[in-house]
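Q:
Protein chains: 2
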Amino acid sequence: MKFDIMRDRLLDGLNDVMKAVSSKTTIPILTGIKIDVTDEGMRLTGSDADITIQTFIPVEENGEQLINISEPGSIVLQARMFNEIVRKLPTNDVEIEVSNGFQTHIRSGKSDFHLIGLDPTEYPLLPEIAMDRQFSIPADLLKAIIRETVFAVATSESRPVLTGVNWNIHEEELICVATDSHRLARRKTKLEQLPSDVSSVVIPGKSLNELNKILGESTEPVQIVITNQQVLFKDENVLFFSRLLEGNYPDTSRLIPEDFKTNITINGKSLLQAIDRASLLAREDRNNVVKFETLEGNVVEISSNSPEIGKVEEQIQVQSLEGESLKISFSAKYMMEALKAIDGQDVVIQFTGAMRPFILRSVHDDAILQLILPVRTY
Amino acid sequence: MKFDIMRDRLLDGLNDVMKAVSSKTTIPILTGIKIDVTDEGMRLTGSDADITIQTFIPVEENGEQLINISEPGSIVLQARMFNEIVRKLPTNDVEIEVSNGFQTHIRSGKSDFHLIGLDPTEYPLLPEIAMDRQFSIPADLLKAIIRETVFAVATSESRPVLTGVNWNIHEEELICVATDSHRLARRKTKLEQLPSDVSSVVIPGKSLNELNKILGESTEPVQIVITNQQVLFKDENVLFFSRLLEGNYPDTSRLIPEDFKTNITINGKSLLQAIDRASLLAREDRNNVVKFETLEGNVVEISSNSPEIGKVEEQIQVQSLEGESLKISFSAKYMMEALKAIDGQDVVIQFTGAMRPFILRSVHDDAILQLILPVRTY
Chain A
1 MKFDIMRDRL LDGLNDVMKA VSSKTTIPIL TGIKIDVTDE GMRLTGSDAD
51 ITIQTFIPVE ENGEQLINIS EPGSIVLQAR MFNEIVRKLP TNDVEIEVSN
101 GFQTHIRSGK SDFHLIGLDP TEYPLLPEIA MDRQFSIPAD LLKAIIRETV
151 FAVATSESRP VLTGVNWNIH EEELICVATD SHRLARRKTK LEQLPSDVSS
201 VVIPGKSLNE LNKILGESTE PVQIVITNQQ VLFKDENVLF FSRLLEGNYP
251 DTSRLIPEDF KTNITINGKS LLQAIDRASL LAREDRNNVV KFETLEGNVV
301 EISSNSPEIG KVEEQIQVQS LEGESLKISF SAKYMMEALK AIDGQDVVIQ
351 FTGAMRPFIL RSVHDDAILQ LILPVRTY
Chain B
1 MKFDIMRDRL LDGLNDVMKA VSSKTTIPIL TGIKIDVTDE GMRLTGSDAD
51 ITIQTFIPVE ENGEQLINIS EPGSIVLQAR MFNEIVRKLP TNDVEIEVSN
101 GFQTHIRSGK SDFHLIGLDP TEYPLLPEIA MDRQFSIPAD LLKAIIRETV
151 FAVATSESRP VLTGVNWNIH EEELICVATD SHRLARRKTK LEQLPSDVSS
201 VVIPGKSLNE LNKILGESTE PVQIVITNQQ VLFKDENVLF FSRLLEGNYP
251 DTSRLIPEDF KTNITINGKS LLQAIDRASL LAREDRNNVV KFETLEGNVV
301 EISSNSPEIG KVEEQIQVQS LEGESLKISF SAKYMMEALK AIDGQDVVIQ
351 FTGAMRPFIL RSVHDDAILQ LILPVRTY
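Taken in order, these protein sequences are the chains called A and B.
1 is the number of the first residue of the first sequence in the numbering used here; add one for each residue after it.
1 is the number of the first residue of the second sequence in the numbering used here; add one for each residue after it.
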């Protein structure tokens, strides 16, 4: 194998596939990045067995030659070292040559690196996924869907299926739900050409977080293919594979209350900042619980109290306050994350008493629903 | 005590004094920041017993009122909590009121924080330093002097005096020296009105690093007063006190060679980048040693070798190469830090054989001298 490539493009590609490489892997070959060079271009593959990312750099793009291939071939190079070497090379022209088995030279300017590569035939093959039942979501919408749900997955492995986001396809709608059993985030999205033969899968939260880092804020479509054990996200240059979580995701629809006793409309940003301030003192007690109380005259009070340090109180004018008066306590962290997912708009908060779960949504639409279980303190 | 202050100015002041506050202190009152309000303004003090930083915010500045004082007084507030509260207050107008002993209210907009303060009379007094024997250095020059020397102090406490930088006053010249016994950095600066009664003190490296963060890149003079146990740096608004290290600093002048066998003039930036690349492989072996060899035709070769990973070689054209040919090995880290201190200029490197210390200086002047002990590998 021997070829020349533009360093900047190689770095961009490495930047994507490095996100799948873990230093903690127990499979030695997966500490490496696989390079495949054909007459069409260069393919880079990185994997931690759960996530696999593949990116392709064509020989030519928009009339500009990116790669000059003398001899096609494949090699696996130690990922972290290869990435750092490419990052520090002195010129934008990189020559990579494999000879005598897996001996690899990386040359640029007057630098000559010699790395001992690994056998590319030992690298695991990608799952075969038929592309015939795909649907697509614009990249920016997909990023929003991830951002609005993935924070609510469980971090503990005690119920592994809760560490993922449940993607449910139901009558032209994609319904994404995440819960750690203390709070829940749900996002409904109307889409066209959804597959009818898949109804419910669970995608690991970690995979969605990595995917979110790779996707750009563009409206370009991301093709999605769901099989029994894998999901594939595909944009112009990157293939992102993730395994799915096994096990039945709980039916969460029954948890969401439908009758309410107190309805409040409030500016989400003001509430977020007040909770953030109150949590300064709440954090000291480690439980991070703040109190929320309705007062006369369309006012709510946020407060918290840490006996050894002090306390804080803050009143906020609300747009509307209907129904029973209320005193309730909840996790400042959960509330702030829910408000951030709704993203600074005016929000409606609907309560069914101090001991029952309450829900938040935007005043503008029902696409996003956030549910939080209160904490007993009164 | 009761006063109103502009939040931005309070934050600036806190930002400075927080650098002296350590969460690891064994003296409980030093987890706090002392606030003293007089008719002239507000003084903030933070300390970890080694370093003390004091900043002053005047009632009025350039015709703008910064503080409105209703009642002078003093209080100590838990530093981290107070700083975070002020950072998150909703408006730029902050009211601070102390009543009933040390009960402190911090109000802004509709937020009302209530903190339990500490007794200000328990806060340690500042050392008394007579300001009559001061000299001054422009802030940007002082920052350069710190940056060019402090990195070379010892990090191990086995010889505590080496964890500081030796400031020596000798015939209108300030000579600053740091060494960890494997390498040495020396900076000479001609100054006027140096005190004649102090000749040599050792300032802790940690103090100089913190001072460097506080000083701005301006040409404003920083007043310096050195006593037997303390040094004070003073600019317009900030007083920075540091204790001095006890013990005799070794006489390093005899370590610096004066006769050389090989003299090389080379572009500092090219050499730095080549060493950086070579250290990628050198690091894997944990010793981080690179090899440096003179070749024919005004060329030097930088190389390193890590048997399990690979090797790297790079040739650099030098401006001049005089004297004996040379093969030498040294720590990539020490070499890179020395070259960074000389700051990208052309450098002269002077060797006295592969086993003897070598020195680096700028081609332009002798103000900065860096010395490195080689490592035996050949």
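Backbone N, C-alpha and C fix where the C-beta goes; we use that ideal spot for every residue, glycine too.
Quantities reported herein were computed from a predicted structural model and do not represent experimental measurements.
Measuring alpha carbon to alpha carbon, tell me which residue in MET131/B, GLU40/B and VAL153/B is nearest GLU337/B.
A: Comparing Cα positions, the closest option is VAL153/B.
Q: Does HIS114/B have its Cβ less than 8 Å from a Cβ in chain A?
A: Output row for HIS114/B: interface = yes.
Q: Nearest-angstrom Cα distance between ILE35/B and ARG283/A?
A: In a straight line, the C-alpha of ILE35/B is about 25 Å away from that of ARG283/A.
Q: Return the CA-CA distance between HIS182/A and LEU373/A, expressed in angstroms with no decimal places.
A: Computed Cα separation, rounded: 6 Å.
Q: Does the Cβ of ASN68/B have 16 or more other Cβ atoms within 10 Å, making it buried, or fewer, making it exposed?
A: Exposed.
Q: For LYS291/A, count neighbouring Cβ atoms within 10 angstroms of its own Cβ and tell me buried if that reaches 16, exposed if not.
A: The residue in question, LYS291/A, is buried, as its Cβ has 16 or more Cβ neighbours within 10 Å.
Q: Who pairs with HIS105/A in a beta bridge, going by DSSP?
A: Paired residues: GLU97/A and HIS114/A.
Q: Within 10 Å of its beta-carbon, does THR45/B have 16 or more other beta-carbons around it, so buried, or fewer, so exposed?
A: Buried, since its Cβ has 16 or more Cβ neighbours within 10 Å.
Q: Can you list the residues of chain A that LEU280/B reaches, using a CB-CB cut of under 9 Å?
A: Correct list: MET81, GLU84, ILE85, LYS88 and PHE113.
Q: Please check if any C-beta of chain E sits within less than 8 Å of the C-beta of GLU314/B.
A: Of the protein chains in this structure, namely A and B, none is chain E.
Q: Out of MET335/A, ALA354/A, ILE145/A and PRO90/A, which one is the CA nearest neighbour of VAL222/A?
A: Of MET335/A, ALA354/A, ILE145/A and PRO90/A, the residue nearest in Cα terms is ILE145/A.
Q: With a CB to CB cut of under 8 Å and the five nearest residues on each side skipped, what residues in its chain are close to ASP39/A?
A: The answer, listed in chain order, is VAL59, ILE69 and PRO72.
Q: Does chain A have any CB closer than 8 Å to the CB of GLN54/B?
A: Closer than 8 Å: no.
Q: Among PRO204/A, PHE3/A and SER200/A, which residue has its Cα nearest to the Cα of GLY164/A?
A: If we check each option's Cα against that of GLY164/A, PRO204/A comes out closest.
Q: Counting along the chain, where does the alpha helix (DSSP H) carrying LEU208/A start and finish?
A: Counting along the chain, the alpha helix (DSSP H) containing LEU208/A begins and ends at 205 to 214.
Q: Using a Cβ cut-off of 8 Å, which residues of the segment 306 to 333 of chain B contact any Cβ in chain A, in chain order?
A: Cβ contacts with chain A come from GLU308, ILE309, GLY310, LYS311, VAL312, GLU313, GLU314, GLN315 and ILE316.
Q: Run down chain B in chain order and give the residues with a C-beta less than 8 Å from the C-beta of LYS110/A.
A: Neighbours of LYS110/A on chain B, chain order: GLU314, GLN315 and ILE316.
Q: What does ASP50/A reach in chain B if we use C-beta pairs closer than 7 Å?
A: Chain B residues near ASP50/A: none, gap ~26 Å exceeds 7 Å.
Q: Give me the Cα-Cα distance between PRO160/B and GLN54/A, rounded to the nearest whole angstrom.
A: If you take the alpha carbons of PRO160/B and GLN54/A, they lie about 53 Å apart.
Q: Quick one: list the residues of chain B neighbouring GLN78/A, beta-carbon separation under 8 Å, in chain order.
A: Simply ILE309.
Q: Beta carbon of MET131/A, beta carbon of VAL225/A: below 8 Å?
A: For MET131/A and VAL225/A, yes; Cβs fall inside 8 Å.
Q: Examine the ligand NAD and report whether any of its heavy atoms sits within less than 7 Å of the Cβ of ARG186/B.
A: Looking for the ligand NAD in the displayed structure turns up nothing, as the structure carries no ligands at all.
Q: Starting from the Cα of ILE379/B, find the closest Cα among GLU192/B, LEU326/B and ILE359/B and give me that residue.
A: Residue 379/B is absent from the structure shown; chain B starts at 1 and stops at 378.
Q: My assumption, with CB atoms under 8 Å, is that PHE82/B sits in contact with VAL37/B. Please give the rounded CB distance.
A: That pair is no contact at about 14 Å.
Q: Using a cut-off of 7 Å between C-beta atoms, extract the partners of ARG277/B located in chain A.
A: Within 7 Å Cβ-Cβ: LYS88 and SER111.
Q: Please list, in chain order, the chain A residues whose beta carbon lies closer than 7 Å to that of GLN273/B.
A: Under the 7 Å cutoff, chain A gives PRO90.
Q: According to DSSP, what are the bridge partners of ALA178/A?
A: DSSP output for ALA178/A lists ALA185/A as bridge partner(s).
Q: Grab the span of the alpha helix (DSSP H) containing LYS269/A for me, first residue to last.
A: Element bounds for LYS269/A: 268 to 282.
Q: If ILE57/A sits next to ARG107/A, beta carbons under 8 Å apart, how far is it from one beta carbon to the other, in whole angstroms?
A: In fact, because the Cβ distance is near 18 Å, the residues do not count as touching under 8 Å.
Q: Tell me where the alpha helix (DSSP H) around LYS88/A begins and ends.
A: That run of the alpha helix (DSSP H) goes 79 to 88.
Q: Near THR91/B, which residues of its chain fall below 8 Å by C-beta distance, leaving aside the five closest residues on each side in sequence?
A: Excluding residues within five positions, the ones whose Cβ falls inside 8 Å are ARG7, SER108 and GLY109.
Q: Take the Cβ of GLN319/A as the centre, count every other Cβ of all protein chains shown within 10 Å, and call the residue buried at 16 or more, exposed below.
A: The residue in question, GLN319/A, is exposed, as its Cβ has fewer than 16 Cβ neighbours within 10 Å.
Q: Comparing alpha-carbon positions, which option in THR25/B, GLN65/B and ASN62/B lies nearest SER47/B?
A: The residue with the shortest Cα to Cα distance from SER47/B is THR25/B.
Q: Which residues bound the alpha helix (DSSP H) around THR149/B?
A: Counting along the chain, the alpha helix (DSSP H) containing THR149/B begins and ends at 139 to 149.
Q: Below 8 Å on the Cβ atoms is my guess for SER218/B versus ASP140/B; work out the distance and round it to an integer in Å.
A: Indeed they touch by this definition, with Cβ atoms about 6 Å apart.
Q: Considering MET6/B, what are the terminal residues of the beta strand (DSSP E) in which it resides?
A: 2 to 6 is the extent of the beta strand (DSSP E) around MET6/B.
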